[in-house]
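So the sequence lines, in the order shown, correspond to chains A and B.
Counting from 4, one number per residue, gives the positions in the first sequence under this note's numbering.
Counting from 4, one number per residue, gives the positions in the second sequence under this note's numbering.
Here a beta-carbon is modelled for each residue, glycine too, at the ideal position from N, C-alpha and C.
Notes follow the structure.
Number of protein chains: 2
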Amino acid sequence: MLALTILGNNSAIPAFDRNPTAQVLQTQEESYLVDCGEGTQMQMAKYKVRRSKINHIFISHLHGDHYFGLIGVITSMSLLGRTQDLHVHGPAELEEIIGLQLKVADTHLSFALYFHPLKEEGLILNGKKMTVHCFPVQHRIPCWGFLFREKKNPRKLDPDRARIYEIPAAFYEKLQQGEDYITKKGTIVPNEEVTTASTLPKSYAYCADTIYDESLAEKVGGVDLLYHEATYLKDLPERAAARFHSTTIQAAEIAKKAGAKRLLIGHFSSKYESLDEFLAEASAVFENTELALQGVCYTI
Amino acid sequence: MLALTILGNNSAIPAFDRNPTAQVLQTQEESYLVDCGEGTQMQMAKYKVRRSKINHIFISHLHGDHYFGLIGVITSMSLLGRTQDLHVHGPAELEEIIGLQLKVADTHLSFALYFHPLKEEGLILNGKKMTVHCFPVQHRIPCWGFLFREKKNPRKLDPDRARIYEIPAAFYEKLQQGEDYITKKGTIVPNEEVTTASTLPKSYAYCADTIYDESLAEKVGGVDLLYHEATYLKDLPERAAARFHSTTIQAAEIAKKAGAKRLLIGHFSSKYESLDEFLAEASAVFENTELALQGVCYTI
């Protein structure tokens with residue numbers, strides 16, 4: 004299972020108690036911070052997000068509402084005495100910006116900080132239980148989306164049944180990977196006799212800030228949960244395009260074309276106080292739409 | 004009259020809903036932002052601080068809890084279409100940091116932004132109704148305090164009485180400055196006959212982050228309101244000194260030596276949830292002490 008907590012859902016200027024973009028994707032083992040607008044560390048404290056579980060931070064692009072909170076998260080981790088490595092994946096200039104801010108404060112971090120500049124579409128993290136791919140999206144400045152995919156879970160072994168078939172323990176890992184067992188006498192023990200299927204691996208795609216771009220649908224095809232920005236309501240497609248953003252309808256169209264199971268929309272413009280229309284408009288095109296609301300944890 | 008609103012009163016890491024340091028000093032005509040920790044723009048929105056009245060921002064030093072919110076304030080002002088000039092007074096490296104962040108976002112501000120690097124003790128702003136002086140304080144990295152002094156207010160003219168003495172209107176400004184009038188016949192009209200005293204000019208001193216330093220008392224002598232940091236309670240003078248901070252008692256001692264009328268203490272360490280002891284300890288040494296509390300407006 005994955006659990007996505009929204010820390011900020013607004014675009015550009017904070018408004019109506021909506022913070023700039025930040026999200027935390029949690030697995031059983033660790034958490035991934037996706038974008039980090041100003042105030043992210045306060046939002047993490049408010050919603051009890053454990054900083055110690057975050058080893059990787061992904062920054063989509065260098066508009067301030069997506070990264071001004073990063074330096075605060077990093078320095079606070081150090082003040083709290085973190086020792087684990089921290090990895091930041093984002094545009095190359097991030098390293099210079101953070102480095103300069105640490106230098107002028109004469110700050111020596113309590114942990115090792117590694118920058119991984121995003122250069123081309125593809126795999127950027129191959130973890131024990133998760134892969135992360137990045138893909139370019141179309142925005143006013145270079146901008147990246149991220150696709151998180153759980154690795155296939157091992158099948159669940161029933162040790163009692165394995166013992167009945169006298170399968171040696173050394174073969175258990177292969178059973179969990181789905182292999183059949185062949186006894187010394189040449190009899191086949193079908194895998195299903197001793198294991199049961201695990202939950203299917205889940206996936207989450209974060210499309211960052213983007214103009215309406217149909218090619219995105221292919222990149223995130225079949226994803227369990229798709230986050231797509233919807234900065235404006237459907238009556239402002241020209242403004243959306245001029246600013247390299249999307250409308251409700253456009254976000255929903257991408258979800259439909261992608262065959263996504265669910266759609267989460269966010270990055271709402273500060274011009275809107277109520278978000279009701281966002282949900283109504285997007286749901287009319289793609290039924291399984293939800294609003295990205297701060298403090299809410301969406302399980303996948 | 005001056006009015007000081009506290010936007011953040013915590014040190015280093017935000018905690019217990021206390022934000023990092025930021026204050027707004029307001030006069031009838033304009034406002035001065037003093038330090039600008041992360042989340043300052045949200046705090047300004049929360050406490051209805053008008054951004055348009057801010058033309059000068061003063062940054063004491065480049066520890067993040069005093070300036071990480073500056074880039075957000077600047078870019079949001081631009082997104083809101085500000086056209087007035089904005090002046091930032093602070094350590095020289097600020098210009099490089101802000102410049103780099105604007106560059107990578109391809110941001111062109113809607114207004115002119117001027118940096119005024121702090122170099123030596125003295126006058127840094129000579130406004131129509133206010134002067135601002137800076138003075139170095141002792142911290143781990145270069146750090147500055149600021150002294151705001153209202154200019155002497157002109158005396159209030161009673162036009163009816165001025166007419167009785169047949170004083171020409173061209174002389175009214177001199178009357179407001181306190182001069183006597185001498186008639187053509189050589190008779191002296193004492194100033195007090197036609198004017199009354201205005202309110203006394205007020206002053207506010209912001210001592211930023213500092214180790215206990217008696218020489219500060221002289222720099223802020225007789226100030227109406229003194230802000231002095233009190234990061235720790237009185238039982239931790241060694242920790243305070245090691246980190247170039249002060250205790251409650253030390254802040255109060257400076258206020259007493261300075262002959263300040265009132266003391267405001269802030270920059271509380273994140274290790275303390277309750278602030279009651281801060282007030283009790285400082286008040287025992289300097290009675291007119293108040294806690295710097297977020298959202299509270301202290302009139303001077």
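The ligand COA heavy atom lying under 7 Å from the CB of residue i
i       : result
B/Asp68 : With respect to small molecules bound, the structure shown includes none, and the ligand COA cannot be examined in it.
Contact belief for residue i with residue j at Cβ below 8 Å, rounded distance in angstroms
i        : j        : result
A/Cys210 : A/Tyr230 : 6 Å
B/Leu228 : B/Ile144 : 26 Å between Cβ atoms; not a contact.
A/Asp212 : A/Ser63  : 7 Å
B/Ala233 : B/His270 : 7 Å
A/Leu28  : A/Phe151 : 6 Å
Beta-carbon proximity check, residue i vs residue j, cutoff 8 Å
i        : j        : result
A/Phe138 : A/Gly130 : no
A/Glu11  : A/Gln44  : The sequence given here has Gly at residue 11 of chain A, not Glu. Not a contact, by the Cβ cut-off of 8 Å.
B/Ile308 : B/Ala261 : Missing from the structure shown is residue 308 of chain B; chain B here goes from 4 to 303 and no further.
B/Tyr207 : B/Leu65  : no
B/Leu267 : B/Glu284 : no
A/Leu103 : A/Ser81  : no
A/Glu153 : A/Lys205 : yes
A/Thr199 : A/Leu178 : no
B/Thr30  : B/Lys159 : no
B/Arg240 : B/Thr250 : According to the sequence displayed, residue 240 of chain B carries Pro and not Arg. Cβ distance < 8 Å, so B/Pro240 and B/Thr250 count as in contact.
B/His142 : B/Phe281 : no
A/Glu96  : B/Val226 : no
B/Pro94  : B/Pro120 : yes
Candidates the options: closest to residue i by CA position
i        : options                                   : result
B/Phe289 : B/Ser272, B/Gln29 and B/Lys264            : B/Lys264
A/Tyr70  : A/His111, A/Ala15, A/Thr134 and A/Ser113  : A/Ala15
A/Thr8   : A/Glu32, A/Lys205 and A/Val52             : A/Val52
B/Ser272 : B/Thr292, B/Lys237 and B/Tyr301           : B/Lys237
B/Glu41  : B/Arg242, B/Ser55 and B/Gln26             : B/Gln26
A/Arg166 : A/Glu241, A/Phe151 and A/Glu196           : A/Glu196
B/His23  : B/Gly67, B/Ala287, B/Arg246 and B/Arg242  : Going by the sequence as given, residue 23 of chain B is Pro instead of His. The candidate whose alpha carbon is nearest that of B/Pro23 is B/Gly67.
B/Phe19  : A/Gln46, A/Arg21 and A/Asp20              : A/Gln46
A/Phe114 : A/Thr251, A/Val76, A/Ala95 and A/Ser218   : A/Val76
B/Thr134 : B/Pro240, B/Glu33 and B/His142            : B/Glu33
B/Tyr168 : B/Lys188, B/Val226 and B/Gln180           : B/Lys188
B/Ala258 : B/Tyr235, B/Arg242, B/Ser218 and B/Ile170 : B/Ser218
B/Thr78  : A/Pro17, A/Ile100, A/Gly224 and A/Ala254  : A/Pro17
A/Asp88  : A/Ser55, A/Leu105, A/Ile101 and A/Ile74   : A/Ser55
A/Lys274 : A/Leu105, A/Val223, A/Val192 and A/Arg242 : A/Arg242
A/Val223 : A/Thr186, A/Glu98, A/Glu256 and A/Asp109  : A/Glu256
A/Arg21  : B/Cys39, B/Ala48 and B/Arg21              : B/Ala48
Cβ neighbours of residue i in the same chain (closer than 6 Å, five flanking residues each side left out)
i        : result
A/Leu83  : none
A/Phe61  : Val37, His92 and Phe149
A/Tyr117 : His90
A/Cys300 : Ala6 and Thr8
B/Arg85  : Ser113 and Phe114
A/Ile57  : Ser34 and Leu36
A/Ala295 : Ile9, Asn12, Leu267 and Gly269
Residues near residue i in its chain [Cβ-Cβ closer than 7 Å; skip 5 each side]
i        : result
B/Phe174 : Tyr184
A/His59  : Tyr35, His90, His92 and Leu128
A/Glu124 : Cys137, Phe138 and Pro139
A/Asn291 : Lys264, Arg265 and Leu266
A/Tyr3   : The structure shown does not extend to residue 3 of chain A, since chain A is modelled only from 4 to 303, so the question has no answer here.
A/Glu182 : Asn194
A/Ile100 : none
B/Ile74  : Ile101 and Gln104
Same chain only: Cβ atoms within 8 Å of residue i, ignoring 5 sequence neighbours per side
i        : result
A/Thr202 : Met4 and Asn156
B/Gln180 : Pro157 and Arg158
- Let me know the beta strand (DSSP E) ranges lying completely inside the region 168-238 of chain B, each 3 residues or longer, listed in chain order. 206-209 and 228-232
- 4-residue-minimum alpha helix (DSSP H) runs that sit fully inside the region 35-76 of chain B, ordered along the chain: As far as the region 35-76 of chain B is concerned, its whole alpha helix (DSSP H) runs of at least 4 residues are 43-49.
- Scan the region 242-268 of chain B and note each continuous alpha helix (DSSP H) run of 4 residues or more that stays entirely inside, going in chain order. 251-261
- Message: List, from N- to C-terminal side, the beta strand (DSSP E) runs of 3 residues or more that fit wholly inside the region 69-123 of chain B.
- Response: 89-93 and 116-120
- Item | Contained beta strand (DSSP E) runs [length at least 3] in the region 123-163 of chain A, N- to C-terminal order | Runs of the beta strand (DSSP E) spanning 3 or more residues and lying entirely within the region 123-163 of chain A occur at 125-129, 133-140 and 146-153, in chain order.
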